[in-house]
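Asks: The structure follows.
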Amino acid sequence: MVPLQSFLILLLFLTHQSSSQVTLSISPQTLSKSGDSVRVQWSTIDLPSHLDWLGFYSPHDSSHDNFIGYIFLSSSPTWQSGSGNLSFPLVNLRSDYDFRIFRWNETDPIRLDQDRHRLPGTSHLLSRSERLGFERGRGPEQIHLAYTERWDEMRVMFVTEDGEESFVK
Numbered sequence: 655m656v657p658l659q660s661f662l663i664l665l666l667f668l669t670h671q672s673s674s675q676v677t678l679s680i681s682p683q684t685l686s687k688s689g690d691s692v693r694v695q696w697s698t699i700d701l702p703s704h705l706d707w708l709g710f711y712s713p714h715d716s717s718h719d720n721f722i723g724y725i726f727l728s729s730s731p732t733w734q735s736g737s738g739n740l741s742f743p744l745v746n747l748r749s750d751y752d753f754r755i756f757r758w759n760e761t762d763p764i765r766l767d768q769d770r771h772r773l774p775g776t777s778h779l780l781s782r783s784e785r786l787g788f789e790r791g792r793g794p795e796q797i798h799l800a801y802t803e804r805w806d807e808m809r810v811m812f813v814t815e816d817g818e819e820s821f822v823k
């Protein structure tokens, strides 16, 4: 009788684990310009942890360890329910983004950022979003100003989609 009970408990556990798939969605899927905000929404996270986190990736096909930023899901007021949303602005890097939710339940003292803070682990992927892009042809990006030798003059440098030489009057 004990082996049958053990088998049923194991079966119940495995069924529960596979029955809920974390959903992750973004809106809008196309942003107009740098600095526009994206809303990331998730649901059905079983047993949410304060260490569950959302990674930002650009280009979208970057490996899990190459996130360009992250935020803990506990930043959302409803995270303990297993659902929530976060909104934040993005910079147009001229490459698509995607977002991934991970469960971080191990400590790796080797992976540190430049300030010697631990980086979150990427071994337990829970969900991945569709791609997010920017509208094309919206003008110059990444504008840089610099002084020249003259006191009444500045140099302006910027990136355009077409890569052609452009001038400012």
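Following the working numbering, the numbering of the sequence shown begins with 655 at its first residue and continues without gaps.
Each residue gets a CB set at the ideal place from its N, CA and C atoms; glycine is no exception.
Decide if the stretch 741-755 is in contact with the stretch 778-785; the criterion is three or more beta carbon pairs, one per stretch, under 8 Å apart.
Replies: yes
Asks: Quick one: residues in its chain with C-beta nearer than 6 Å to the C-beta of Asn746, no 5 flanking neighbours on either side, listed in chain order?
Replies: Ser688, Phe788, Glu795
Asks: Leaving out five residues before and five after Ser691 in sequence, what residues of the same chain have Cβ atoms less than 7 Å from its Cβ?
Replies: Ser741, Phe742, Pro743
Asks: Give the DSSP-derived three-state secondary structure of Gln695 in the structure shown.
Replies: strand
Asks: Per DSSP, which one or two residues make a beta bridge with Gly723?
Replies: Phe710
Asks: Taking only the alpha-carbon atoms, compute the straight-line gap between His798 and Met808 and give it to the nearest angstrom.
Replies: Rounded to the nearest angstrom, the two C-alpha atoms are 10 Å apart.
Asks: Which whole-angstrom value describes the C-beta separation of Ser820 and Leu678, a residue pair presumed to lie in contact below a C-beta threshold of 8 Å?
Replies: Not confirmed; about 38 Å, so no contact.
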